[in-house]
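Enquirer: So for the sequence shown, my numbering puts the first residue at 1018; every next one is plus one.
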Amino acid sequence: MESQITDRTDPAISGDMLPTEDNVLLDEALDLRRLSAHWSTYAARSAMSAAQMRGAEARARRLGISDAELMEQAGTAVAASVRALLKTTERGPSAMALVLCGSGNNGGDGSVAARHLAASGRRVVVALLAASDRPATRDAARNWERLAGRAGIVRLHCPTARDVHTLMAGTERAAVIVDALLGTGHSGALREPIRTAVGLVSQARSQGVPVLAIDTPTAVDLTSGVASDPVVRAHVTVTFHRPKLGLLTRDGARLAGRVLVAPIGIPAQADRG
1018 MESQITDRTD
1028 PAISGDMLPT
1038 EDNVLLDEAL
1048 DLRRLSAHWS
1058 TYAARSAMSA
1068 AQMRGAEARA
1078 RRLGISDAEL
1088 MEQAGTAVAA
1098 SVRALLKTTE
1108 RGPSAMALVL
1118 CGSGNNGGDG
1128 SVAARHLAAS
1138 GRRVVVALLA
1148 ASDRPATRDA
1158 ARNWERLAGR
1168 AGIVRLHCPT
1178 ARDVHTLMAG
1188 TERAAVIVDA
1198 LLGTGHSGAL
1208 REPIRTAVGL
1218 VSQARSQGVP
1228 VLAIDTPTAV
1238 DLTSGVASDP
1248 VVRAHVTVTF
1258 HRPKLGLLTR
1268 DGARLAGRVL
1278 VAPIGIPAQA
1288 DRG
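1) Go ahead and label Gly1092 buried or exposed: buried means 16 or more other beta carbons lie within 10 angstroms of its beta carbon, across all protein chains shown.
2) Does the Cβ-Cβ distance between Leu1198 and Thr1235 come in under 7 Å?
3) Check whether the Cβ atoms of Val1142 and Ala1135 sit closer than 7 Å, and answer yes or no.
4) Buried or exposed, going by whether 16 or more other CB atoms sit within 10 Å of the CB of Ser1120?
5) Helix, strand or coil: which one does DSSP assign to Ala1168?
6) Could you give the first and the last residue of the continuous beta strand (DSSP E) run that contains Leu1277?
7) Report all residues from its chain with a CB closer than 7 Å to the CB of Val1215; omit the five preceding and five following residues, and keep chain order.
8) Just to confirm my understanding: we take Ser1111, look at its own chain, exclude 5 residues before and 5 after, and list those with CB closer than 8 Å. What are they?
9) Would you check if the distance between the CB atom of Ala1064 and the CB atom of Leu1272 is smaller than 7 Å?
10) For Asp1126, collect the residues of the same chain with a Cβ closer than 7 Å to its Cβ; drop the 5 residues on either side in sequence, then sort them by chain order.
11) Taking Ile1211 as part of the alpha helix (DSSP H), name the residues at either end of that continuous run.
12) Pair every Cβ in the stretch 1173–1193 with every Cβ in the stretch 1144–1153, then say whether three or more of these pairs are closer than 8 Å.
13) Pick out whichever of Gly1200, Gly1242, Val1193 has its Cα sitting closest to the Cα of Arg1222.
14) DSSP has Ile1194 in a bridge; who is on the other side?
15) What residue does the beta strand (DSSP E) around Val1143 start on, and which one ends it?
16) Under 8 Å by Cβ, that's how I've got Ala1131 and Val1116 pegged, so tell me the actual separation to the nearest angstrom.
17) In this structure, what does DSSP give as the bridge partners for Thr1256?
18) To the nearest angstrom, how far is the alpha carbon of Arg1151 from that of Trp1161?
19) Below 8 Å on the Cβ atoms is my contact criterion, and I expect Thr1256 with Thr1233 to pass it. Report the Cβ-Cβ distance as a whole number of Å.
20) Short of 6 Å in beta carbon distance, which residues of its chain neighbour Gln1224, apart from the five on each side in sequence? Order them along the chain.
21) Three-state secondary structure (DSSP) at Ala1244?
22) Could you name the residues that DSSP lists as bridge partners for Val1237?
23) Please report the distance separating the alpha-carbon of Leu1052 from that of Thr1106.
24) Could you tell me the alpha carbon to alpha carbon distance between Gln1220 and Leu1080, rounded to whole angstroms?
25) Along the alpha helix (DSSP H) that carries Val982, what are the first and last residues, could you check?
26) Looking at the C-beta of Met1088, does it have a partner C-beta in chain C at a distance below 7 Å?
27) Going by DSSP, which residues form a beta bridge with Lys1261?
Next up, the structure:
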């Protein structure tokens, strides 16, 4: 398991801070109730399947909105949601946030969230749980690399189950665990090291650590709501653009916890396939 611990001042780079066009997300007093109300228009939309979401993203690209922009907005929304969640817990400001990233775009959202959390003063440990030390998609890889050399961030590569056990020793003291392991593209049984990580997330949750999932708790199908075993049970799930069918039915309704539906810049016309 490789680590990179940074202790130097974070340079002022354009795009590091939260977008100022949504000033509500910058409010330090923001809690889950207010954040949910702020995004209530999106939560009231009709639910969509994972395939429909992928179609909306593809049409957004044709309208000139890049995957990088969508990922930045998603990660920004997740960071705001983490801060709002922590308003409801007794975890101190010095407790670290643990962000578990898979190799795809769900993990890329996690890397963006980690960057924004660190920029707002939270200590963050962000781990890539994959065989390769570089995420599989271009935008996820770019955001993973942007974490290198950042103050307040410990960046780890955990290719094996043993590495994950080492990573998560003592996580009962974490402020929050962010599940950015698998999203809309997942199907089939979990593989290592993600399978081990999911089991350890469940253990940490039983010890009182808040868990926030990005898009869907890992191992919950976003369309059917069916979960495989093991599965993440979240206190909060942040999904994007519109509610997802799988978070409203079957296992998903039980495992997602409080569901927030965050806008990420996909225009309404992108829903018209």
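C-beta atoms are modelled at their ideal positions from N, C-alpha and C, and glycine is treated no differently.
Expert: Taking the geometry as given:
1) Gly1092 comes out buried.
2) Cβ atoms of Leu1198 and Thr1235: closer than 7 Å.
3) No, they are not a contact pair.
4) Buried, by the Cβ-count rule.
5) Residue state, collapsed to three classes: coil.
6) Counting along the chain, the beta strand (DSSP E) containing Leu1277 begins and ends at 1275–1279.
7) Answer for Val1215: Leu1207, Thr1235, Ala1236, Pro1247, Val1248, Val1249, listed in chain order.
8) Shown here for Ser1111: same chain residues with a beta carbon closer than 8 Å to its own, the five before and five after excluded, namely Arg1140 in chain order.
9) Taking a C-beta distance under 7 Å as the contact criterion, Ala1064 and Leu1272 do not qualify as a contact pair.
10) Once the five neighbours on either side are set aside, the close Cβ partners of Asp1126 are Met1088, Ala1091, Gly1092, Val1095, Ala1197, Ile1231.
11) Residues 1211–1223.
12) A contact exists between the stretch 1173–1193 and the stretch 1144–1153.
13) Nearest to Arg1222 by alpha-carbon distance, out of Gly1200, Gly1242, Val1193, is Val1193.
14) The partner list for Ile1194 (beta bridge, DSSP) reads Leu1115, Val1228.
15) Unbroken beta strand (DSSP E) run through Val1143: 1141–1145.
16) Ala1131 to Val1116, Cβ: 5 Å. Contact.
17) Answer by DSSP bridge pairing, in chain order: Val1278.
18) Within the model, the alpha-carbon separation for Arg1151 versus Trp1161 is close to 8 Å.
19) Right, their Cβ atoms sit about 7 Å apart.
20) Beyond the five residues adjoining it in sequence on each side, Gln1224 comes within less than 6 Å, by CB distance, of Glu1189 in the same chain, given in chain order.
21) In the three-state scheme derived from DSSP, where H, G and I count as helix and E and B as strand, Ala1244 is classed as strand.
22) Looking at the DSSP output, Val1237 shares a beta bridge with Ala1244.
23) Approximately 16 Å between the Cα atoms of the pair.
24) Distance between the alpha carbons of Gln1220 and Leu1080 is about 43 Å.
25) The requested residue 982 does not occur in the structure, where the chain is confined to residues 1018 to 1290.
26) Annotation note: the requested chain C is absent from the structure, which comprises a single protein chain.
27) Residue pairing by DSSP places Lys1261 opposite Met1065 in a beta bridge.
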